[in-house]
Amino acid sequence: MKKGICFFIFLCSLHFAFGQGNSTCQTSDPFCTGTTYNYPAGVNTGTGQTGPNYGCLGTQPNPAWFYMQIAASGPIIIYMYSTPQHDLDFACWGPFTSAYGPCTAELTAACTSCPNNTSNPTFYPSGNLVDCSYSTSWNETVHINNAISGEWYILLITNYSNNACNIIFDQQNATQPGAGSTNCGCNCPIVYNNGPLCCGQTLELSATESAYPGATYTWTGPNGFTSNQQNPMIPNACTQNTGTYSMVITANGQTSPVWTTEANIYDSPNISLTDTAICAGETVTFTPTSAANYFWSTGDTINSLVVTPQATTSYSVTGTDIHGCVDSANVNVLVLETPSSSFATEVFCNTAIPSDVNTATLTYDGTSQQGATYLWQISGNPQPSSVFTSAGPQQVWWNNVTGLNYYDVTLTVTNPSGCASTTTQQVQIYPCCGMEVPFAGNDDNSCGLFYQLQAEHHPQNTGYWAAASGNPGSVVFSSPGSFSSVVNVSAYGTYKFIWSETYSLESSCSFSDTIQIVFSEAVQAAFNFTPVSCFGASTTVSFNGSAPAGSVVNWDFGNAQVLSGSGQGPFTLIWNAPGVNAVSLTVSKNFCTSTILHTINTPPPLSFTSQISHVECNGACTGEINFTPAGGTPPYTFLNAQNTSYIVGLCAGYYTLKIIDSHGCFVSGEATVIESPPLVSNIIKTEPDCNGQSTGSLFVEVTGGVPDYNYFWSDNSYDSFRENLHAGMYYLTIQDYYHCSHYDSIEITEPPLLNINISATNSHCHSDNGLASLNVDGGIPPYFYSWSNANLPDTNTVENLASGIYFVTVTDYNNCASVEHFVISDIEGPEVFLTGTDVSSCFGYSTGTASADVVGGIPPYSYIWSNGASSFNSISNISAGNYSVVVTDSAGCTGSGTIIISEPAEINISYLKQDVTCFGLNTGSLSISASGGTNPITFNFFNNTYTLPANLTGLYTGPINLTITDSNQCTKTLNVYITEPSPVSSINSPTAATCFGGNNGSITSFTYGGTYPYSFLWSNGLQTENIYGLSAGNYSLTVTDANGCPFFNNVYVAQNSQLIISGATTNASGAVNTDGAINLTVSGGTTPYSYLWSTSDASESLYNIAVGEYLVTVTDAFGCQTENSFIVDFTNDIRNLQNAGDVKIYPNPNDGIFYLVCPQNSLIEIYDISGKLIVRKINAETIVPIDIKNNSSGLYFISIRNNNDIQNIKFIKY
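Numbering of the sequence shown is given in my numbering, commencing with residue 583 and proceeding in unit increments.
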């Protein structure tokens, strides 16, 4: 893409053949008033960048960006359209202070559902969005109503249709009075970068303009960077590359200004995790640092991750800092095997005597690794030892056992890794050795609040269940006296249950065994999901199971893309490929685990193919389009003119189709039906030279249609070239390859028959004074004459003829000849009788006839009718009126007759029309009546037949062409044009108030369109077109034309900045010295400034002045004024006023009226809390009355100076 580059003293060259270099806001192209832009729209070139609020544009396909700098204030209207006609949209933002600075954070809009500007023309601006349209039209209009010189605007145009086309646009109102304009110079920065970046990425520096041939680029930047490339890159950039990059362009010996761009590169976070090893069942916590947000491979988004893996597991985390920089880390958790320390006990008696030795065999039945260590610890002083360090089995016994005894046996097993497990059981030792030992079952775990107890069944014993003391909740047994019982508990925790048995042969032998059950909360894996209705749509997966605190929730989403969600969810998922996808969930806590799996179907994307049958014959409507849908979820619904996938009977044109599947997913289709060019024929003819000959020819030239062509003549000929033709009409039918027909006709004419009319005057009394005059027509003049009497001249008139027969041969220019004769005799004058027929059809028609019957005289006769006809005894196709004829016989004798031909009355049409009152309305009407003709008199209008008189109402602007017909099919045409006024519009140009806070602003208006006169109503109540004396602010205008048609607009009147005076004073070196000074600084207003001091000086600053107060009035170029006062003091040898105790204020506090006691001839100055001087005087008396009652309440300060002494005191005014 070519653009212009600005240099100091030469113009930039603007090229308006845009490409896709302007696909981002930062690479936008300039828009210039007076230039028409024509650029090929992008197709499949991506969508709008992230960052801007695109207002009404839901999507922004194939973007093209432009900027405008306002040169002249006023409204700017930009009209754009596409060719061929495809849908385009736009958004426009402003005003801004630069072209690229607003990209993209300042491209904002205040609306959430921004409307289309055609549906709500007065809605915009909204925030920085000044206009927006997403209509389906191929043409759009951008309105910038109050552009002000120096402002910048940014325009985005999108090719929504994604079809190849050219987009043409320009400023529509550029030539209208008061219109704004844009600056066509190069006034924008031309460098930018792709930052901000993170360390390790490539920094790309870009100059968006291209210079004249041979231009060179010079870049400089941080860390010693230099480059002569137009668009240099710095790979692996980091913080040392952050800073300002400058670029200048040199071309034709001249150097551009320095353009700069700021680049920011940030350190990436440094995430570090350390691999660790744990024993099975233990928990580990990972807490990375240096990032703001984290995403774990488990789906969690927390900082610290707490996990209890059941097997060796790898975890990964990705951290993102506040700049968007990322870092990742992996960590491995080695889960070491924890041994099982379970063991079995078997107690048996050596003898049946209760006091004899009782023996217990302890057998380890757990699992451990090779090299594990074992520690047995047994209470009750067993023999041979209470401690063993081998796996066993171990056998111990107790001597002299009396009564029931319980001994604790503890086994600790430690693997070589250090992971250990400890189990403690109680062994019942009792003297009743004939009794089988009760066994309550192995210790176990339960997910829930119930458990099936199953003690060892000893038929010879009776037993019962009981709860041990110290359990965390209440206990209920379903069958407490049965070895098999369900126990229900009220709270989770570790419970012990006692199974006691009594020996049936000896009731004193009663022993028990204890079982330990750990009850934990049950978990349930359950979730629901929303079906995926359309390809590309997401599903929401929501957990609805049970996962008590401390549960581990693991999701498996397969190849789904997780858009949002963590932990238990909900999650938003999307699949990028159609098909059936599995989602599984596992919930576990302690030893309780639950798993569930659902399948979610993603339908294939909805698409279509189209097969087009084009129109074979121009102007016919035989086209067909067959749209074949695919994907989605059948059945399909088709939205078009025929609501079917196969549309027929189509004329040439552009057709669209919307296909909707059973889930409401849709895709839009389009197709163009074309037609063959129209058949056009050109027949070249050659005509015969003489009437009655067959020397004519015809040659046919054909264009259009589809060759080859066939020719069918009305006289059964089939050639494109014909010859030996006689005069007459020839009709031709031409058919092309598709049998499309074209009809043409041509007439071969021949010269009229060479016709000789002889006017002869008979001789009278045989005096040989007859004469003859030839009137020749037909043939091709000039004519040549040859008489049978050689003595007669070769002219068309001969005299002195005797009675007799005379022959004459007349030859025309083509040498065609005709012979005629006449007789000269003595004759009597003819008598004429006229008959005729009236005009019977329509007024003004020429269907009447008149005929003359001649009696007497000597034929032949010549006839001269009053309508100019001659040579025939009758006339036809005549209109109504009086007709007469003069008949002359060959002897020159004449007779005459008269007849009247009548006709029906004429149809006379009268009408009264009412034009449309306002642009775009249908308030027009037409009243029609008729006289004359033959009733009934009717006309057809939009397929409706009306009988006069008739009224037509509800008419839009445009021509109305009517054919009015009476009962005789006589017609009269009526052509009426219903007009409408142009839309009311007003161009309003504000003039800023010249002074800050002033009211001399104005708005001048140019109002046009509608129907004059106009009425005006401004928001300030004024009712004139132009308003004056305005303060800064917004003014709304309502214009109403004579027909009540309205126009609305808002205008902002600005004001110049406030005129502000500041200055620095230099005090005099002494109370009577004149070496003080005031250096004045003025800002705001409009330069140049003029100055007037209280000393009558007109200079900006004062020098060599004495102690005192000085007032200055500053006037700017527009006469705006402001004033300020300055005090020049003296500074040398200042000390406190002597006898300061004599200075008094009373009363204090006071209401602003008080007395001051101080030495005479003192300089007294009173200041308010802001330092403003409000009183300055020199006292002549010791007691000085002071009055500041009109000042506000507060704290005030008094400065008393006498010679070089000074005293400061304060008081309060209430």
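C-beta atoms are modelled at their ideal positions from N, C-alpha and C, and glycine is treated no differently.
{"Check": "Starting from Y1300, follow its DSSP beta bridges and name the residues at the other end.", "Outcome": "Paired residue(s): none; Y1300 is not in a bridge."}
{"Check": "Taking a contact to mean a Cβ-Cβ separation below 9 Å, would you say I1756 touches I1748 in this structure?", "Outcome": "yes"}
{"Check": "Put N604 into one of helix, strand or coil per three-state DSSP.", "Outcome": "helix"}
{"Check": "Taking 8 Å as the threshold, find out whether the region 894-912 comes into contact with the region 866-883 through three or more Cβ pairs.", "Outcome": "yes"}
{"Check": "At the level of alpha carbons, what is the spacing between Q1007 and D990?", "Outcome": "6 Å"}
{"Check": "Per DSSP, what kind of secondary structure is T1417 in: helix, strand or coil?", "Outcome": "strand"}
{"Check": "Excluding sequence positions up to five away, which residues of its chain have a Cβ less than 6 Å from the Cβ of A973?", "Outcome": "Y946, Y956"}
{"Check": "Going by DSSP, what residues sit across from N1784 in a beta bridge?", "Outcome": "D1787"}
{"Check": "Does DSSP put T933 in a helix, a strand or coil?", "Outcome": "For T933, the pLDDT reaches just 45, beneath the cut-off of 50, and the residue's location in the model is therefore unreliable, although a value from the coordinates is still provided. Correct three-state label for T933: coil."}
{"Check": "Quick one: is P1729 buried, meaning 16 or more other Cβ sit within 10 Å of its Cβ, or exposed?", "Outcome": "exposed"}
{"Check": "Would you tell me roughly how many angstroms separate the C-alpha atoms of G1474 and T1391, rounded to the nearest one?", "Outcome": "22 Å"}
{"Check": "For G806, does the three-state DSSP call read helix, strand or coil?", "Outcome": "helix"}
{"Check": "Could I get the ranges of all uninterrupted beta strand (DSSP E) runs contained in the region 1241-1288, with 3 residues as the minimum, in chain order?", "Outcome": "1248-1255, 1262-1268, 1278-1285"}
{"Check": "For V1664, is the classification buried or exposed, using 16 other Cβ atoms within 10 angstroms of its Cβ as the cut-off for buried?", "Outcome": "buried"}
{"Check": "Could you pull out every residue in the same chain whose Cβ sits closer than 6 Å to the Cβ of G825, ignoring the five residues on either side in sequence?", "Outcome": "P804"}
{"Check": "Report buried or exposed for Y1617, applying the criterion of at least 16 other Cβ atoms within 10 angstroms of its Cβ.", "Outcome": "buried"}
{"Check": "Mind checking whether S788 and T632 have CB atoms under 9 Å apart?", "Outcome": "no"}
{"Check": "Could you tell me the alpha carbon to alpha carbon distance between S1448 and S1478, rounded to whole angstroms?", "Outcome": "11 Å"}
{"Check": "Could you tell me the distance, in whole angstroms, from the CA atom of T1764 to the CA atom of S1781?", "Outcome": "15 Å"}
{"Check": "With a CB to CB cut of under 7 Å and the five nearest residues on each side skipped, what residues in its chain are close to N1570?", "Outcome": "I1585, S1587, L1619, N1631, V1633"}
{"Check": "Please go through the same chain and pick out, in chain order, the residues whose beta-carbon is closer than 6 Å to the beta-carbon of T1529, but skip the five residues on each side of it.", "Outcome": "P1518, T1520"}
{"Check": "Extract the residue ranges of the beta strand (DSSP E) inside the region 1189-1219, only unbroken runs of 3 or more that lie entirely within it.", "Outcome": "1189-1195, 1205-1212"}
{"Check": "As a quick exercise: from Y735, N846, V840, pick the residue whose alpha carbon is nearest that of Q783.", "Outcome": "N846"}
{"Check": "What residue from I1687, S1681, A746, Y827 has the CA that sits closest to A1659's CA?", "Outcome": "I1687"}
{"Check": "Which class does Y1141 belong to by DSSP, given the choice of helix, strand or coil?", "Outcome": "Residue 1141 is actually Asn in this sequence, not Tyr. N1141 falls in the coil class under three-state DSSP."}
{"Check": "By a C-beta neighbour count over all protein chains shown, 10 Å radius and 16 as the cutoff for buried, is A1512 buried or exposed?", "Outcome": "buried"}
{"Check": "Closest to G1701 by CA distance: which of A1680, S1672, S1683, K1726 is it?", "Outcome": "S1672"}
{"Check": "What does the alpha-carbon distance come out to for the pair I1768 and G1579?", "Outcome": "35 Å"}
{"Check": "Ignore the nearest five residues each way along the sequence and tell me which others in D1733's own chain have a CB closer than 8 Å to its CB.", "Outcome": "K1771, K1795, Y1796"}
{"Check": "Can you check the region 1346-1428 for any beta strand (DSSP E) of at least 3 residues that lies completely inside it and give the ranges in chain order?", "Outcome": "1352-1359, 1366-1369, 1379-1383, 1386-1393, 1399-1406, 1412-1419"}
{"Check": "Check whether the region 1124-1135 and the region 1185-1197 touch, using three or more Cβ-Cβ pairs below 8 Å as the test.", "Outcome": "no"}
{"Check": "Under three-state DSSP, which class holds Q1551?", "Outcome": "coil"}
{"Check": "So which of N1337, L1353, I1338 has the shortest CA-CA distance to N1344?", "Outcome": "L1353"}
{"Check": "Three or more C-beta pairs under 8 Å: does that hold for the region 662-681 against the region 721-738?", "Outcome": "yes"}
{"Check": "Count the C-beta pairs between the region 704-721 and the region 1556-1563 that are closer than 8 Å, then say yes if the count reaches three, no if not.", "Outcome": "no"}
{"Check": "Can the beta-carbon of V1071 be found closer than 9 Å to that of S1094?", "Outcome": "no"}
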